[in-house]
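A quick write-up on the structure given underneath.
Protein chains in written order, with our numbering: chain A, 1 to 128; chain B, 129 to 521.
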């Protein structure tokens, strides 16, 4: 059902965990559809220094989260925002049609985390 | 490979079933009853023999009341669509398979029938009073499965049969789960129609099922053609499959008590082992009122497909109520109907045992399953292990 890359990321997912003092946190998905993706970011000088994820979902949701974190780690915020679900699917070497929504979730998750980061930054600036 | 998906299709079949089918196909598999030549007569005899064997097994007095169909789904669709007419009211339960619920919902949507679905409780048990209370003047049929394909709850079909007979309502039993795994007598059940597949508990092949229709039950023929099966289901019978099912039922008769005993003991060992070794699990279904070979757990905070895939990687074949494995976006309607949250339903795992399973298989599963669940929980944002080992839900 899944190719080797997907299975490899499912079996050995990268960047699993949480960041306690994260600069940005994004959570997308819902229990109804069976997928929840949570992303934690550490940002320095506009660059994603660290990223961790936790995902409740099927193998392709876990693999999509894992490869997405690899793709944006070390990149600028703008580069990370430019990531599309198609990039995630391509990097995984393809997903079954019914599973493409998992890659969409990965795109949404990183966007949500960056939005949270920007909102927090604004807050700090305003209060400072 | 440890095969634990016998509720979907039993595998492997007894050697004698394979032998019987091969012999049939190679030696005499002509069109039964279509001609007077020797091979056609032999084929026809093989079909009739199976009709007699299954009739004895289910205490169906007259073998001619058995209609061979492609499978139980076809049998149920024929029973439902062949009997129900505009204005009829039907009572069924939330524990039914889609091969009952979907044809009924289609008829309801087309404004042909009125439908009442009686809900199962936490265990999946239905209250017989709910059935009685739902009866109206125009109630034509009550439909109930022998057992749920999801959580294995044994349904009170004897009680329902009595009510149906008292009120003069037709009673259709879906025996897809349970036929071959318990003693069944259509007279005792007072079933007017009784559908079963060959390929599950009976240990026969796929592609064959049957519908018993009690004498006097008015039912339209839905599939027209060469008038096979007394016009109830036209089309050449799947003779090799019919012969295979006949052999399988013969063997089932010989082994039934022993089989049930073995399945129950393995089932309970697996259930108890999982409860002992893995925290935050929910046994779906009833602890004792359940099919002898059904084990169904929800593992909180993990998703079923990831669980299935991980088990497959260590050579264990099971199934899940997760949406990801069912081809739809919703998890098992049966689990949702008995009050499971979506995430708990998504995390369900069904392990349906078979004759080939051993105590060693159970030990292997109990060895492999806990670390898999633990790994997936470590990945899950829903699971937070707090100090003292308690989950923060």
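Beta carbons are placed, not taken as given, at the ideal position from N, Cα and C, and that holds for glycine. Since the model is a prediction, treat every value here as computed from it, not as a measurement.
CB contact below 9 Å: residue i versus chain A
i: residue 520 of chain B; result: Only weak support is given to the placement of residue 520 of chain B: the predicted model assigns it a pLDDT of 44, under 50, and the question is left unresolved by the model.
i: residue 415 of chain B; result: no
i: residue 459 of chain B; result: yes
i: residue 129 of chain B; result: no
i: residue 528 of chain B; result: No information on residue 528 of chain B is available, as it lies outside the stretch 129 to 521 that chain B covers here.
i: residue 447 of chain B; result: no
i: residue 238 of chain B; result: no
i: residue 476 of chain B; result: no
i: residue 502 of chain B; result: no
i: residue 463 of chain B; result: no
i: residue 510 of chain B; result: yes
i: residue 426 of chain B; result: no
i: residue 506 of chain B; result: yes
i: residue 136 of chain B; result: no
Cβ shell of residue i (< 6 Å), same chain only, five flanking positions each side left out
i: residue 225 of chain B; result: 277
i: residue 135 of chain A; result: For residue 135 of chain A there is no data in the structure shown, the boundaries of chain A being 1 and 128.
i: residue 428 of chain B; result: 408
i: residue 201 of chain B; result: 227
i: residue 158 of chain B; result: 167, 168 and 171
i: residue 144 of chain B; result: 375
i: residue 139 of chain B; result: 131
i: residue 116 of chain A; result: 24, 25 and 26
Contacts around residue i, its chain only, beta-carbon distance under 7 Å, and the 5 residues preceding and following it disregarded
i: residue 156 of chain B; result: 167, 170 and 171
i: residue 152 of chain B; result: 174, 367, 368 and 371
i: residue 22 of chain A; result: 40, 41 and 42
i: residue 444 of chain B; result: 130, 132, 493 and 496
i: residue 264 of chain B; result: 217
Identified DSSP bridge partners for residue i
i: residue 433 of chain B; result: Paired residue(s): none; residue 433 of chain B is not in a bridge.
i: residue 156 of chain B; result: DSSP output for residue 156 of chain B lists no bridge partner at all.
i: residue 558 of chain B; result: Because chain B in this structure spans residues 129 to 521, residue 558 of chain B falls outside the shown range and cannot be described.
i: residue 410 of chain B; result: B:426
i: residue 472 of chain B; result: In the DSSP output, where bridge partners are listed per residue, residue 472 of chain B has none listed.
i: residue 272 of chain B; result: B:301
i: residue 55 of chain A; result: A:37
Other residues of its chain near residue i: CB distance less than 8 Å, five sequence neighbours each side excluded
i: residue 366 of chain B; result: 196, 198, 335 and 336
i: residue 192 of chain B; result: 179 and 358
i: residue 232 of chain B; result: 208, 218, 220, 241, 243 and 271
i: residue 311 of chain B; result: 384
i: residue 405 of chain B; result: 494, 497 and 498
Within-9 Å CB hit, residue i to chain B
i: residue 113 of chain A; result: no
i: residue 117 of chain A; result: no
i: residue 5 of chain A; result: no
i: residue 49 of chain A; result: no
i: residue 76 of chain A; result: no
i: residue 108 of chain A; result: no
Heavy atom of the ligand GDP within 8 Å of residue i beta-carbon
i: residue 126 of chain A; result: The ligand GDP is absent from the structure shown, which contains no ligand whatsoever.
Simplified DSSP state of residue i, which is helix, strand or coil
i: residue 260 of chain B; result: helix
i: residue 27 of chain A; result: strand
i: residue 10 of chain A; result: helix
i: residue 115 of chain A; result: helix
i: residue 41 of chain A; result: strand
i: residue 503 of chain B; result: helix
i: residue 487 of chain B; result: helix
i: residue 320 of chain B; result: coil
i: residue 125 of chain A; result: helix
i: residue 211 of chain B; result: helix
i: residue 110 of chain A; result: helix
i: residue 445 of chain B; result: strand
Next item on the list: Taking only runs that begin and end inside the segment 224–251 of chain B, name each unbroken beta strand (DSSP E) of 3 or more residues, in chain order.
Entry: 241–246
Next item on the list: Could you name each continuous alpha helix (DSSP H) segment of 4 residues or more that falls completely within the segment 58–95 of chain A, going from the start of the chain to the end?
Entry: 59–72, 77–81 and 85–91
Checklist line | Unbroken stretches of the alpha helix (DSSP H), 4 residues or longer, contained in the segment 165–207 of chain B | finding: 166–185
Margin query: If we require 3 or more residues per run, which beta strand (DSSP E) segments fall completely within the segment 336–407 of chain B?
Written below: 337–341
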